[in-house]
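Reading through the structure tokens given below for one structure.
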Amino acid sequence: MWWWELFLWLDMRNMLLFIFAFLFVVYFLTKKDPPHFPPGPSALPLLGNVFSIESKQPHIYLTKLADVYGNVFCIRLGRHKTVFVSGWKMVKEALVTQANNFVDRPYSPMVTRIYSGNSAGLFFSNGKVWRRQRQFAMAMLRTFGLTKGSMEQSICDESRHLQEAMEKEEGEPFDPVPLLNNAVANIICQIVFGRRFDYGDHNFQSMLKNLTELAYLEGSIWALLYDAFPALMKRLPGPHNRIFSSSKSLEASIRGEIERHKLDLDPSNPRDYIDNFLLEEKHNRNSEVGFEEGNLVLCCLDLFLAGSETTSKTLQWGLIYLIKNPHIQEKVQAEIDRVIGQTRQPTMADKLNLPYTDAVIHEIQRMGNIVPLNGLRVAARDTVLGRHFIPKGTSVMPNLTSVLFDKTEWETPDTFNPSHFLDAEGRFVRRDAFLPFSAGKRACLGEGLARVELFLFFVGLFQKFRFSTLDGVELSTEGITGATRTPYPFQIYASSR
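Taking the numbering used here, the leading residue of the sequence shown gets 3, the next gets one more, and so forth.
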């Protein structure tokens, strides 16, 4: 009967209104902040500030919020509060002075799904698993990367492969990104997998493609949405699903490498990171420090990601900034010619005699801003940052962009200026606020290797080529922001000198 249908409709409407009102009340009851908690922009009930964040340049939006709310402020992602820390002094306070308090990672639904309940690799693990795996990885990087005499030569050899690939393009414009990705990834591949790949290798190219996509999506607005609303996002179509498909494809490729290692593993002569991990696993079967095959896959994934994406992106930005500043390119090449010449291979011993070139590389890292934010941290105990109370369990994000462009630390923060790293006599000087590798206990464990790669690849390229772009084309310095900051697609000429 019509009156019964009307009653049911009214009853349903009242029920929905009640549910909405209940959730609204719960939101305001749970949102109440403790005294002296960091301020922040107004947030929508249940949704928070997710839709206020600038999706293309979130690091710029978050840096500007510090001008309004101070260097310690809070935004809400769904129902979760995240405190952002800005500026060199405050980021140093969190990452260095209070390093022990802000060393762990908070819970992340996205990470939990990617890592499938394993020990969470190198980047997302905590506690004794993280400490032991980081210690082990650093030892392997020293053994096969920095202290093994052949690694510097391996980088120079790979630099020649890169130069030969560029020589084949002479006279025609080309996209340098695939070639740079190939060369840089091959260095970490030699350490982790014990071999380099031919640039035309199909599996290698598939791994690099998935790696690039994963690096973008993990730092995109889609990752924020997934962590804010996991139950909903898990059921919705969208780019966020490629986070998981790309990681699964990479894991499958890594498992193939591990199986290859098992076939000819020689305990008396471990060749690389995987061999050593497999041997350590045999000695730590009952250990709780992450030496099991599932975690080996994830550690390799983290090393592959960190060891290729950041250095390749830095070299890409290097080409852009020196093409946009030809007078700086000419000055770098004049210094290289004077110290090394155009035929001898560069070595790390040349670095001290190339202060201007070293300053240019550092300024590329600063302006390139490869990792614009940082990994999330979680407060291990109640503490204070900048007179603001941070309760135990609060997620904290250091904003590295705000450090690299801190107006109180850099004379011309928004201008490409190698003089930031030179004294009045032209000698190289270090700057405390130079944090492209982060700082504290979670600083990039491959920083030493990355510095060697950047120097040798960069000097080798500008020793052999003069770089330019198409007439009338203005290269963009805005970039595409994910977990790393990537240049917009661009083409160049590489003219042999």
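Glycine included, C-beta positions come from ideal geometry on N, C-alpha and C.
For residue i, the first and last residue of its enclosing beta strand (DSSP E)
i: residue 496; result: 495-498
i: residue 540; result: In the structure as shown, the chain starts at 3 and stops at 499, and residue 540 therefore has no counterpart that could be examined.
i: residue 234; result: Looking at the DSSP string, residue 234 is not in any beta strand (DSSP E); the run it does join, the alpha helix (DSSP H), is 232-235.
i: residue 399; result: 397-400
i: residue 386; result: 385-387
Residue range of the unbroken alpha helix (DSSP H) whose run includes residue i
i: residue 279; result: 275-285
i: residue 210; result: 204-219
i: residue 125; result: No alpha helix (DSSP H) contains residue 125, which DSSP labels as neither H nor E.
i: residue 77; result: Per DSSP, residue 77 belongs to no alpha helix (DSSP H); it is in the beta strand (DSSP E), 74-79.
i: residue 248; result: 243-265
i: residue 334; result: 328-341
i: residue 392; result: Segment 390-392 is the beta strand (DSSP E) holding residue 392; no alpha helix (DSSP H) there.
i: residue 115; result: 111-117
i: residue 65; result: 60-71
i: residue 470; result: First-last for residue 470: 467-470, but that is the beta strand (DSSP E), not the alpha helix (DSSP H).
i: residue 357; result: 357-370
i: residue 445; result: Here residue 445 belongs to no alpha helix (DSSP H), and DSSP marks it neither H nor E.
i: residue 180; result: 179-194
i: residue 91; result: 90-94
i: residue 163; result: 152-169
Residue burial classification, residue i (beta-carbon count within 10 angstroms, cutoff 16)
i: residue 297; result: buried
i: residue 494; result: buried
i: residue 453; result: buried
i: residue 31; result: Summary for residue 31: the model assigns pLDDT 49, below 50, so the residue's position carries little reliability, and this model does not support an answer.
i: residue 401; result: buried
i: residue 14; result: Residue confidence for residue 14 is low, a pLDDT of 48 falling below 50, so the modelled location carries little weight and cannot support an answer.
i: residue 153; result: buried
i: residue 310; result: buried
i: residue 315; result: buried
i: residue 269; result: exposed
i: residue 205; result: exposed
i: residue 235; result: buried
i: residue 345; result: exposed
i: residue 271; result: exposed
i: residue 431; result: exposed
i: residue 38; result: exposed
Any C-beta of chain D under 8 Å from that of residue i
i: residue 359; result: In the structure shown, chain D does not exist; there is a single protein chain.
Short Cβ contact (8 Å threshold) for residue i with residue j
i: residue 323; j: residue 459; result: no
i: residue 103; j: residue 385; result: yes
i: residue 313; j: residue 456; result: yes
i: residue 70; j: residue 399; result: no
i: residue 294; j: residue 283; result: yes
i: residue 75; j: residue 36; result: no
i: residue 292; j: residue 135; result: yes
i: residue 189; j: residue 216; result: no
i: residue 352; j: residue 341; result: yes
i: residue 193; j: residue 147; result: yes
i: residue 366; j: residue 461; result: no
i: residue 397; j: residue 68; result: no
Close Cβ partners of residue i (< 6 Å) along its chain, the five nearest in sequence each way excluded
i: residue 490; result: 478
i: residue 335; result: 464
i: residue 441; result: 97, 98
Cβ shell of residue i (< 7 Å), same chain only, five flanking positions each side left out
i: residue 179; result: 318
i: residue 326; result: 477
i: residue 195; result: 259, 274, 276
Close beta carbons around residue i, own chain, < 8 Å, minus the five adjacent residues each side
i: residue 58; result: 482, 483
i: residue 175; result: 471, 472, 493, 494, 495
i: residue 257; result: 299
i: residue 129; result: 106
i: residue 383; result: 103, 394
Inspect the CB distances between the stretch 481-493 and the stretch 359-377 and report whether three or more fall short of 8 Å.
yes
If you pair each beta-carbon of the stretch 185-202 with each one of the stretch 43-54, do three or more pairs fall below 8 Å?
no
Between the stretch 124-134 and the stretch 296-311, do three or more beta carbon pairs fall short of 8 Å?
yes
Hey, is the stretch 107-115 in contact with the stretch 258-266, meaning 3+ C-beta pairs nearer than 8 Å?
no
Kindly confirm or deny that the stretch 406-414 and the stretch 383-397 touch, where touching means at least three C-beta pairs closer than 8 Å.
no
For the stretch 351-358 against the stretch 419-430, are there 3 or more C-beta pairs whose distance is under 8 Å?
yes
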